Amino acid sequence: MLLLAAAFVVAFVLLLYMVSPLISPKPLKLPGAHVVVTGGSSGIGKCIAIECYKQGAFITLIARDENKLLQTKKEIEKYSVNDKQVVLCISVDVSKDYEQVENVLKQAQEKLGPVDLLVNCAGTSVTGKFEAIEVNSFERLMAVNYLGSVYPSRAVISTMKERRMGRIVFVSSQAGQLGLFGYTAYSPTKFALRGLAEALQMEVKPYNIYVTVAYPPDTDTPGFAEESKTKQGNFNSSVGSDGYMLSILTSGMSPVTSITEGLQQVVCMGIFRIIGLFYLGSFDSIVRRCMMQREKSDSADKTE
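Letter by letter, the sequence shown follows residues 0 to 303 in numbering that gives the first Met the number 0.
Here is the structure:
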């Protein structure tokens with residue numbers, strides 16, 4: 000049995016080499032690089048911008064609120080490592096007008112040079128029961144969370160191809176790895192980023208352009224920015240043990256950047272699926288219990 004298992008592992012490794020050569024991309028050198036962060040005036044985007052600036056990058060911040068942008072610019076500039084660094088602020092809604100997004104990114108590249116790293120952080124969320132969420136909320140979330148990442152990426156991809164280099168990060172969510180109660184408007188928009196990233200990675204990999212999908216949990220800390228910075232060569236970037244398990248469980252046809260990553264997915268998939276079933280059972284139990292309590296409460300109110 001052990002020999003059979005060893006033979007299977009060896010055959011699997013050889014198959015990976017033969018069918019799809021796995022060459023890990025070289026880490027992007029941030030000193031002097033032009034990093035564009037959408038949704039960069041607060042939250043995860045702001046933290047990522049700070050961490051990149053600490054490494055010597057030039058930053059373009061994109062967000063809607065001009066006042067927040069200027070406040071964030073002042074905060075980021077405190078972390079400069081040389082007097083040549085620049086923080087450029089652009090106030091624009093990345094989800095509404097592609098031509099406007101294309102124009103402002105063209106202007107940013109004229110000032111700070113070609114974009115080396117684009118981090119798509121712009122996003123919003125609405126929670127609630129499916130039938131209680133306004134229909135226009137579904138449209139708005141798809142526009143902001145999905146098209147708000149499509150437009151900036153589309154605006155920089157041609158230049159990246161010409162230069163044969165570039166990195167694009169899509170900030171999804173753990174709610175983009177599994178559907179959760181109350182997130183019927185939000186989860187699909189984050190799932191959509193996964194499909195976009197997989198298809199785009201297949202297109203641009205020959206041009207030395209690499210895509211990362213980040214799956215942060217409910218968090219807003221510099222720790223996540225540091226995690227994203229060190230993992231920008233990977234397709235999947237997650238945080239914590241739950242995030243690691245979800246990345247393997249939902250790996251599917253996602254590309255891998257090392258043989259080790261592929262082996263981890265193959266070896267751990269079964270046991271993580273068992274653990275995942277317990278999670279799902281727990282979630283179902285919580286929803287069922289809450290529903291029964293609500294029905295009892297409604298029934299008691301009617302009899303009074």
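Note that the Cβ used here is the ideal one computed from N, Cα and C, for glycine as well. Source: prediction; values computed, not measured.
Asked: Expressed to the nearest angstrom, what Euclidean distance is found between the alpha-carbon atoms of Arg272 and Lys95?; Found: 40 Å
Asked: For Ser90, list the residues DSSP reports as bridge partners.; Found: Ala62
Asked: Is it true that the CB of Tyr52 sits closer than 9 Å to the CB of Thr126?; Found: no
Asked: Taking a contact to mean a Cβ-Cβ separation below 9 Å, would you say Ile156 touches Ile208 in this structure?; Found: yes
Asked: Counting only the same chain and skipping the five closest in sequence on each side, list residues whose C-beta sits under 8 Å from that of Lys204.; Found: Pro254
Asked: Helix, strand or coil, according to DSSP, for Ala184 in the structure here?; Found: coil
Asked: Tyr78 and Ile49 - do their beta-carbons sit closer together than 9 Å?; Found: yes
Asked: Quick check on the DSSP output: what are the complete beta strand (DSSP E) runs of length 3 or more inside the segment 134-190, in order along the chain?; Found: 165-170
Asked: Near Thr188, what residues of its chain come up, given a Cβ to Cβ distance below 6 Å and the 5 sequence neighbours on each side ignored?; Found: Leu140, Met141, Asn144, Tyr145
Asked: Can you tell me where the alpha helix (DSSP H) with Ile43 in it begins and where it stops?; Found: 42-53
Asked: When the Cα atoms are used, what is the spatial distance from Gln305 to Phe57?; Found: Here the chain has residues from 0 to 303 only, and residue 305 is not among them.
Asked: Could you tell me the alpha carbon to alpha carbon distance between Arg193 and Asp92, rounded to whole angstroms?; Found: 22 Å
Asked: Please report the distance separating the alpha-carbon of Glu294 from that of Asn119.; Found: 42 Å
Asked: Which word fits Val80, buried or exposed, when buried means at least 16 other C-beta atoms lie within 10 angstroms of its C-beta?; Found: exposed
Asked: Kindly indicate which residue of Glu98, Val210, Val149 has the alpha-carbon position closest to the one of Leu312.; Found: Only positions 0 to 303 of the chain appear in the structure, and residue 312 is not among them; the question remains open.
Asked: For Ala121, name the three-state secondary structure that DSSP assigns.; Found: coil
Asked: Reducing DSSP to helix, strand and coil, say where Tyr206 ends up.; Found: helix
Asked: At the level of alpha carbons, what is the spacing between Met164 and Val86?; Found: 22 Å
Asked: Is Ala154 near Glu101, with beta carbons less than 9 Å apart?; Found: yes
Asked: Measure the beta-carbon distance from Thr59 to Val35 and round it to whole angstroms, keeping in mind my assumption that it falls under 8 Å.; Found: 4 Å
Asked: Would you kindly work out how many angstroms separate the C-alpha atoms of Cys46 and Glu133, rounded to a whole number?; Found: 32 Å
Asked: Just confirm the distance between the C-beta atoms of Phe169 and Val114, as a whole number of angstroms; I'd bet it's less than 8 Å.; Found: Not a contact, Cβ separation roughly 15 Å.
Asked: Compute the Euclidean distance between the alpha carbons of Gly31 and Val265, then round it to the nearest angstrom.; Found: 39 Å
Asked: Tell me the DSSP secondary structure of Ala213 in three-state form.; Found: strand
Asked: Where does Met268 land, buried or exposed, given buried means 16+ other C-beta within 10 angstroms?; Found: exposed
Asked: In angstroms, rounded to a whole number, what distance separates the CA positions of Gln54 and Asp82?; Found: 13 Å
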